[in-house]
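Q: Mind looking over this structure? Questions follow.
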Amino acid sequence: MSRAGTEFLDVRNEQWIPHHWTRGACLYGVMPANGLIYNPPHPCACYLETKLYGFNALAPARQKTEDRKQKSERLEKGPAYNQIVNRKSKIENQDEWPTYRHDAARSGSASTMVPVALKPAWCSNIAGKLTSPVIAGGKVFVASVDTHTIHALDAASGEKLWHYTAGGRIDSPPTIYQGRVLFGAADGWVYCLDASQGALAWRFRAAPMDQRLSSFEQLESVWPVHGNVLVQNGVLYCVAGRSMFLDGGLHFWRLDPTTGKVLSHNVLDDRDPASDGDLHNYVSWLNMPAGLPDILSSDGRLIYMRSQPFNLDGTRLPLEKMPAGKDADQGAPPATQRAEHAHLFSPTGFLDDTYWHRTYWMYGSTFVSGWCGYSLSGKAAPAGRVLVFDDSTVYGFGRKPEYYKWTTPIEHQLFAAKKDLGVSAEGDSGRSLINIEKSKSLNLTNKPITVEAWIRTQKPGGVILARCGSALGYTLYLQGGKPQFAVRADSTLASVGADVRVVGKWVHLAGVLSMGKELQIYVDGNLAASAKAPGLIATDPQEAMEIGADEGSTVGDYTGPFGFSGFIDEVKVYHQALSAAEIKKHAGATRPADQTGMVLYYSFDGGNALDESGNENHGRIEGAVPVEGRFGQAIKFTGSAGSVPGFAVRHQWTQDVLLIARAMVLANDTLFVAGPPDLVDEPQAFKQIDDPKIKRSLADQAAAFDGDKGALLLAVSAADGKTLARYDLDSSPVFDGMAAAAGRLYMSTVNGQLICFQPKE
Numbered sequence: 036m037s038r039a040g041t042e043f044l045d046v047r048n049e050q051w052i053p054h055h056w057t058r059g060a061c062l063y064g065v066m067p068a069n070g071l072i073y074n075p076p077h078p079c080a081c082y083l084e085t086k087l088y089g090f091n092a093l094a095p096a097r098q099k100t101e102d103r104k105q106k107s108e109r110l111e112k113g114p115a116y117n118q119i120v121n122r123k124s125k126i127e128n129q130d131e132w133p134t135y136r137h138d139a140a141r142s143g144s145a146s147t148m149v150p151v152a153l154k155p156a157w158c159s160n161i162a163g164k165l166t167s168p169v170i171a172g173g174k175v176f177v178a179s180v181d182t183h184t185i186h187a188l189d190a191a192s193g194e195k196l197w198h199y200t201a202g203g204r205i206d207s208p209p210t211i212y213q214g215r216v217l218f219g220a221a222d223g224w225v226y227c228l229d230a231s232q233g234a235l236a237w238r239f240r241a242a243p244m245d246q247r248l249s250s251f252e253q254l255e256s257v258w259p260v261h262g263n264v265l266v267q268n269g270v271l272y273c274v275a276g277r278s279m280f281l282d283g284g285l286h287f288w289r290l291d292p293t294t295g296k297v298l299s300h301n302v303l304d305d306r307d308p309a310s311d312g313d314l315h316n317y318v319s320w321l322n323m324p325a326g327l328p329d330i331l332s333s334d335g336r337l338i339y340m341r342s343q344p345f346n347l348d349g350t351r352l353p354l355e356k357m358p359a360g361k362d363a364d365q366g367a368p369p370a371t372q373r374a375e376h377a378h379l380f381s382p383t384g385f386l387d388d389t390y391w392h393r394t395y396w397m398y399g400s401t402f403v404s405g406w407c408g409y410s411l412s413g414k415a416a417p418a419g420r421v422l423v424f425d426d427s428t429v430y431g432f433g434r435k436p437e438y439y440k441w442t443t444p445i446e447h448q449l450f451a452a453k454k455d456l457g458v459s460a461e462g463d464s465g466r467s468l469i470n471i472e473k474s475k476s477l478n479l480t481n482k483p484i485t486v487e488a489w490i491r492t493q494k495p496g497g498v499i500l501a502r503c504g505s506a507l508g509y510t511l512y513l514q515g516g517k518p519q520f521a522v523r524a525d526s527t528l529a530s531v532g533a534d535v536r537v538v539g540k541w542v543h544l545a546g547v548l549s550m551g552k553e554l555q556i557y558v559d560g561n562l563a564a565s566a567k568a569p570g571l572i573a574t575d576p577q578e579a580m581e582i583g584a585d586e587g588s589t590v591g592d593y594t595g596p597f598g599f600s601g602f603i604d605e606v607k608v609y610h611q612a613l614s615a616a617e618i619k620k621h622a623g624a625t626r627p628a629d630q631t632g633m634v635l636y637y638s639f640d641g642g643n644a645l646d647e648s649g650n651e652n653h654g655r656i657e658g659a660v661p662v663e664g665r666f667g668q669a670i671k672f673t674g675s676a677g678s679v680p681g682f683a684v685r686h687q688w689t690q691d692v693l694l695i696a697r698a699m700v701l702a703n704d705t706l707f708v709a710g711p712p713d714l715v716d717e718p719q720a721f722k723q724i725d726d727p728k729i730k731r732s733l734a735d736q737a738a739a740f741d742g743d744k745g746a747l748l749l750a751v752s753a754a755d756g757k758t759l760a761r762y763d764l765d766s767s768p769v770f771d772g773m774a775a776a777a778g779r780l781y782m783s784t785v786n787g788q789l790i791c792f793q794p795k796e
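Per the numbering used here, numbering through the sequence shown is continuous, rising by one, with the last residue being 796.
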């Protein structure tokens, strides 16, 4: 069966055997056939640092064996083994860019001065899918991923100097260290070449044996190694394998980069080394310890693989279980960040270039997985699609704060933020609302609805009540001072609005969705307008009900939280369509005489949100206070619509840009940002998704994302975010495909070119 993961039930021995590290998509699951388990691709945000991706065929585990003969022959020496002159190429040399993202911390930042005024210096056609470049010793190095080839070019002229073909894909650029080109490959080997001529010095088999499988139409080792290896303090660090749960686990190696000799070896498998317990013992809701490999990073004290820290000797720090959430359904743990473990990482790996909406890079320590958890960490720590950082500040291109939630449309911005980490994504941030948890009595599946409230608003816009989900739900709100009632069913939004302004006075409002699929809006007991609805709401929305704001996935034609500013009194929700006569009567009375169909009623007379309908749907008031109301007491809301609840990141500046950043470099005090043009207003497109013009613009955006519409390169001031220069490009950079060295900018593009930009004379 497949629930949280792929699970086996031993009915004879009454045992449950979980495998949360592999699963298929929700509503499909997995397919057992041919003696294998087939796990199809999925868009699942559960166990992001552990779960397999792509289409996988899994076989029964074999016994752990290793060919002793192969073990003794791990290190192979090449013709350049004793011939490399140890020329210094240290990461401390800020005029070079000798490894992935410049340094061991993967900062993407260098102190070299690259002028804002640039011109092309040279362009070299290499072809194929390229990695980002690295620059050292007067050369630029780049890998052609699918042809398994490292290319070396003259950094000044672009002249091709040499190339070397390994035995498998090279997914990221090499590290240049003391005249050596060091990298891993998907054939399970780590290579060392002479940087001057490309001759092999040594290669080391990091895989436990020479065993292959089919991976994306090529043969690869069962235990591949990422292209970029970490070199720090004279030690090479790398990891071989695909998962801690597959084929005996991951192999964490420490090697001498000069000789290739082993310094230490640790196996990372599905057991906790401290207790010998299963890693599933550390499951918390939809989170568990990191179990997938990645390009390693280091802050000088610890080594990191995704969020997992290691000691410098390669041993894993003690595992810790995330704290439990509030309940089993929406049980996401708080996104608490630990400053002592803050580093740059992505839960899906540095090389994930998909721009999947449920993940992002972050500068912090903890990513919370799960369908209602994946947005939390971006509220507690600087996060974005791509990030760079210096000693005090993180710069990035990421979603705007209001989109750190369950959402379909997402808008992005450039930003600069302090490295300070928020303690939790659940803190108060000026919110003013009443939250009502889901319950059986509030389940509105295929039911008519009536919502009533007395209001006195101080501003022309804001949500009175919302029960939401971006695909379904309902909301009573004000827009331009006029009442609106909207229903979203089958992902289709329909709304009805009264053509009367109600600002500054007490009015009675009612919104109705009838069994006949008709929307109605009443003002002071009188029918103001009606319209056809797309249907009843077929399933109960996942999110809670809110009064005074719509914080979750917004229902109506507005941007959340769209806070209400003013007074709300006598809130009633019915799962039936009240008649015009009943609504007229309620508009003139204090208390409803008949509670038939009523599922929620707040009089607020006790200064609280106690449900007087008898269904115990009590509300939690935050940032709102009791005041004198229309009848007895009401609740006053502050309308803090610009706030984003729980957002703890301190932005120094933000800037909208007309591109989708695919690469970013910080060169001293200038940010260079490049990517395809941003052609779509996503919130507007979401509202008019069936409009032929919107469909054409979405097709154009997809083509731009694939590199068919050219790209933009921006030079941006790191101090205030102002654009200093703009250049049109024929092709977009590959993801994270820029580097800066010796006053020049280097870029790998999706059309297989390596480009160098130099200062204008």
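By construction, the Cβ of each residue, glycine as well, lies at the ideal position given by its N, Cα and C atoms.
Here's the rule I'm using: 16 or more other beta-carbon atoms within 10 Å means buried, otherwise exposed. How should Q232 be labelled?
A: Position 197 of the sequence shown, counted from the first residue, corresponds to residue 232. So Q232 ends up on the exposed side.
Q: Helix, strand or coil, according to DSSP, for F672 in the structure here?
A: Position 637 of the sequence shown, counting from 1, holds the residue named residue 672. Strand.
Q: Quick check: the Cα distance between F520 and G710, rounded to an integer number of angstroms?
A: As a working mapping, residue 520 is identified with position 485 in the sequence shown. As a working mapping, residue 710 is identified with position 675 in the sequence shown. One C-alpha to the other measures close to 40 Å.
Q: Between which residues of its own chain and K414 is the CB-CB distance below 8 Å, once the five residues before and five after are set aside?
A: Locating residue 414 in the sequence shown gives position 379, counting from the first residue. Counting only Cβ-Cβ distances below 8 Å, and skipping sequence neighbours, we find A370, P436, Y439, G457, A460, V679, G681, F682, A683, V684.
Q: How would you label A178, buried or exposed, when you count the other beta carbons within 10 angstroms and need 16 or more for buried?
A: Mapped onto the sequence shown, residue 178 falls at position 143. So A178 ends up on the buried side.
Q: Which residue comes first and which comes last in the beta strand (DSSP E) that contains E578?
A: Position 543 of the sequence shown holds residue 578. Element bounds for E578: n/a, residue is neither H nor E.
Q: Assign G431 to one of three DSSP states: helix, strand, or coil.
A: The sequence position of residue 431 within the sequence shown is 396, counting from 1. Three-state DSSP puts G431 in a strand.
Q: What did DSSP end up calling K17 once you bin it into helix, strand or coil?
A: This structure gives no information on residue 17, because the portion of the chain shown stretches from 36 to 796.
Q: Does DSSP put P243 in a helix, in a strand, or in coil?
A: Here the question's residue 243 lines up with position 208 in the sequence shown. Note: P243 maps to coil in three-state DSSP.
Q: Would you mind working out which of P661, H54, N74, W56 sits nearest Y63, comparing C-alpha positions?
A: The residue given as residue 63 occupies position 28 in the sequence shown. Ranking P661, H54, N74, W56 by Cα distance to Y63 puts N74 first.
Q: Using only alpha-carbon positions, find the residue among M550, L635, N322, T443 that is nearest to L507.
A: Counted from its first residue, the sequence shown places residue 507 at position 472. Nearest of M550, L635, N322, T443 to L507, Cα basis: T443.
Q: In whole angstroms, what is the alpha-carbon distance linking D534 and G583?
A: Within the sequence shown, residue 534 is the residue found at index 499, counting from 1. Within the sequence shown, residue 583 is the residue found at index 548, counting from 1. Going from the Cα of D534 to the Cα of G583 covers about 22 Å.
Q: At 3 residues or longer, what runs of the beta strand (DSSP E) sit wholly inside the region 483 to 566?
A: Those beta strand (DSSP E) runs which fall completely within the region 483 to 566 and span 3+ residues are 484 to 492, 497 to 502, 508 to 514, 517 to 524, 527 to 532, 542 to 548, 553 to 558.
Q: Rounded to the nearest angstrom, what separates D763 and A746 at their Cα positions?
A: For the purposes of this step, residue 763 is taken as the residue at position 728 of the sequence shown. For the purposes of this step, residue 746 is taken as the residue at position 711 of the sequence shown. Distance between the alpha carbons of D763 and A746 is about 6 Å.
Q: For the region 387 to 395 and the region 337 to 350, state whether three or more C-beta atom pairs, one from each stretch, are separated by less than 8 Å.
A: No, they do not touch.
Q: Taking the beta strand (DSSP E) that Q267 falls in, what are its first and last residues?
A: The residue labelled residue 267 in the question sits at position 232 within the sequence shown. Taken as a continuous stretch (DSSP letters only), the beta strand (DSSP E) holding Q267 covers 265 to 267.
Q: Identify whether Y593 lies in helix, strand or coil by the three-state DSSP scheme.
A: Residue mapping note: residue 593 aligns to position 558 of the sequence shown, counting from 1. Note: Y593 maps to coil in three-state DSSP.
Q: How close, in whole Å, do the beta carbons of G772 and A698 come, if the pair is a contact with beta carbons under 8 Å?
A: Counted from its first residue, the sequence shown places residue 772 at position 737. Counted from its first residue, the sequence shown places residue 698 at position 663. Yes, G772 and A698 are in contact; Cβ-Cβ is about 5 Å, under 8 Å.
Q: Within 10 angstroms of the Cβ of K125, are there 16 or more other Cβ atoms? Answer buried if so, exposed if not.
A: What you label residue 125 is simply residue 90 of the sequence shown in a count that begins at 1. Its pLDDT being 48, under 50, K125 is placed unreliably in this model, and the coordinates cannot settle the point.
Q: Taking the C-alpha atoms as reference points, what is the distance between L749 and A774?
A: The count along the sequence shown starts at 1 and reaches residue 749 at position 714. The count along the sequence shown starts at 1 and reaches residue 774 at position 739. If I take the Cα positions, the gap works out to 14 Å.
Q: In the DSSP assignment, the alpha helix (DSSP H) including A156 goes from what residue to what residue?
A: As a first step, residue 156 must be located in the sequence shown, where it is residue number 121. Premise fails: A156 lies in the beta strand (DSSP E), 153 to 160, not in any alpha helix (DSSP H).
Q: When the Cα atoms are used, what is the spatial distance from S526 to F43?
A: Here the question's residue 526 lines up with position 491 in the sequence shown. Here the question's residue 43 lines up with position 8 in the sequence shown. Cα to Cα, the separation comes out at about 35 Å.
Q: At the level of alpha carbons, what is the spacing between A230 and L188?
A: Here the question's residue 230 lines up with position 195 in the sequence shown. Here the question's residue 188 lines up with position 153 in the sequence shown. Distance between the alpha carbons of A230 and L188: 11 Å.
Q: Quick one: what does DSSP say F740 is sitting in, helix, strand or coil?
A: The count along the sequence shown starts at 1 and reaches residue 740 at position 705. Three-state DSSP puts F740 in a helix.
Q: So V522 and L548 are in contact, right, with Cβ under 8 Å, and what is the actual spacing, rounded?
A: As a working note, residue 522 is residue 487 in the sequence shown. As a working note, residue 548 is residue 513 in the sequence shown. 5 Å between Cβ atoms; contact.
Q: Taking the Cβ atom as the reference point for each residue, do I572 and L479 lie within a distance shorter than 9 Å?
A: Reading the sequence shown from its first residue, position 537 is the one you call residue 572. Reading the sequence shown from its first residue, position 444 is the one you call residue 479. Closer than 9 Å, so yes.
Q: Return the Cβ separation of S474 and K454 in integer angstroms, given the expectation that the two are a contact with Cβ distance under 8 Å.
A: In the sequence shown, residue 474 corresponds to position 439, counting from 1. In the sequence shown, residue 454 corresponds to position 419, counting from 1. About 42 Å; that fails the 8 Å criterion.
Q: By Cβ distance, which residues of its chain are closer than 8 Å to P358, with the 5 residues on each side in sequence left out?
A: Position 323 of the sequence shown holds residue 358. Taken in chain order, the residues that qualify are S319, P368, P369, T371.
Q: Which first and last residues belong to the beta strand (DSSP E) in which A720 is found?
A: Within the sequence shown, numbered from 1, the residue matching residue 720 stands at position 685. Premise fails: A720 lies in the alpha helix (DSSP H), 717 to 722, not in any beta strand (DSSP E).
Q: DSSP three-state call for R103: helix, strand or coil?
A: Start at 1 with the first residue of the sequence shown, and residue 103 comes out as number 68. Reliability fails at R103, whose pLDDT of 49 lies under 50, so the model's placement of it is uncertain and the value that follows must be treated cautiously. Residue state, collapsed to three classes: helix.
Q: Taking 8 Å as the threshold, find out whether the region 310 to 328 comes into contact with the region 238 to 247 through three or more Cβ pairs.
A: No, they do not touch.
Q: Could you tell me if M550 is buried or exposed, where buried requires 16 or more neighbouring beta carbons within 10 angstroms of its beta carbon?
A: Counted from its first residue, the sequence shown places residue 550 at position 515. Exposed, because fewer than 16 other Cβ atoms sit within 10 Å of the Cβ of M550.
Q: According to the Cβ coordinates, are G219 and E255 closer than 9 Å?
A: What you label residue 219 is simply residue 184 of the sequence shown in a count that begins at 1. What you label residue 255 is simply residue 220 of the sequence shown in a count that begins at 1. The answer is no: Cβ separation not under 9 Å.
Q: For F90, count neighbouring Cβ atoms within 10 angstroms of its own Cβ and tell me buried if that reaches 16, exposed if not.
A: On the sequence shown, position 55 is the one that residue 90 refers to. Burial call: exposed.
Q: Measure the alpha-carbon distance for Q213 versus S167 and round it to whole angstroms.
A: Locating residue 213 in the sequence shown gives position 178, where the first residue counts as 1. Locating residue 167 in the sequence shown gives position 132, where the first residue counts as 1. If I take the Cα positions, the gap works out to 20 Å.
Q: If I'm right that L337 touches L379 with Cβ under 8 Å, what's the distance once you round it to whole angstroms?
A: As a first step, residue 337 is located in the sequence shown; it is residue number 302 there, counting from the start. As a first step, residue 379 is located in the sequence shown; it is residue number 344 there, counting from the start. At roughly 13 Å, the Cβ-Cβ gap does not stay under 8 Å, so L337 and L379 are not in contact.
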